[in-house]
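These notes concern the structure reproduced below.
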Ligand SMILES: [Zn+2]
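Numbering (the numbering used here), first residue to last: 15 to 172.
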């Protein structure tokens, strides 16, 4: 995981609210509208949405690299009504109609497992954005969350 927290565009005045790490109990998986790098996403979130910084905690790019984009204790903006308790992991590709390439899928799997292990997050607290209440979205597109969770339990061997 490449840590770019300090090098991404941030809002000149706003900061994300800080939480206790122990309040983290959910991982939410997203996709992006297009192939973007963390700088493009951060610039968009800050300039267009007027957010304190990039909304996601980690971003996986189409080259299967994994970028750490906020501090875990910062409450980013990625899932309405659930930000306080969740980490947002974004596959920065358009998955509306296509499945992610195998290497990107594996990178996403590994990243989610790493966060889930770090915060003792159970399999069924690993969600696709559209599985969250109050969120009317198709995100993360073609990514099948049942299969994704099944792959995680297979990798973990339990
Ligand atoms: Zn989403």
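Backbone N, C-alpha and C fix where the C-beta goes; we use that ideal spot for every residue, glycine too. All values derive from a computational prediction rather than experimental measurement.
- Leaving aside the five residues that flank residue 117 on each side, the residues in its chain whose CB is nearer than 8 Å to its CB run, in chain order, 78.
- Closest in alpha carbon position to residue 132, among 163, 152, 62 and 37, is 37.
- In terms of Cα proximity to residue 42, the closest of 94, 108, 113 and 85 is 94.
- Annotated three-state conformation of residue 76 is coil, per DSSP.
- Checking the 6 Å criterion, the Cβ of residue 59 is out of range of every heavy atom belonging to ligand 1.
- Within the region 17-65, the complete beta strand (DSSP E) runs of at least 3 residues fall at 40-45.
- In this structure, residue 96 has its CB at a distance of at least 6 Å from all heavy atoms of ligand 1.
- Secondary structure at residue 100: strand, using DSSP grouped into helix, strand and coil.
- Closest in alpha carbon position to residue 26, among 40, 44, 57 and 15, is 57.
- Residues 25, 28, 29 and 30 of the same chain have their beta carbon placed closer than 6 Å to that of residue 66, with the five preceding and five following residues left out of the count.
- The residue among 113, 161, 99 and 64 with its C-alpha nearest the C-alpha of residue 46 is 113.
- Looking from the CA of residue 106, the closest CA among 163, 142 and 74 belongs to 74.
- Linking residue 59 to residue 99 through their CA atoms gives a straight-line distance of about 20 Å.
- Relative to the non-hydrogen atoms of ligand 1, the Cβ of residue 50 never comes closer than 6 Å to any of them.
- Taking every protein chain shown into account, the CB of residue 49 has fewer than 16 other CB atoms within 10 angstroms, so this residue is exposed.
- In this chain, the alpha helix (DSSP H) harbouring residue 127 covers 116-132.
- Excluding five sequence positions before and after residue 68, the CB atoms of its chain that fall closer than 6 Å to its own CB belong to 22, 55, 56, 59 and 83, given in chain order.
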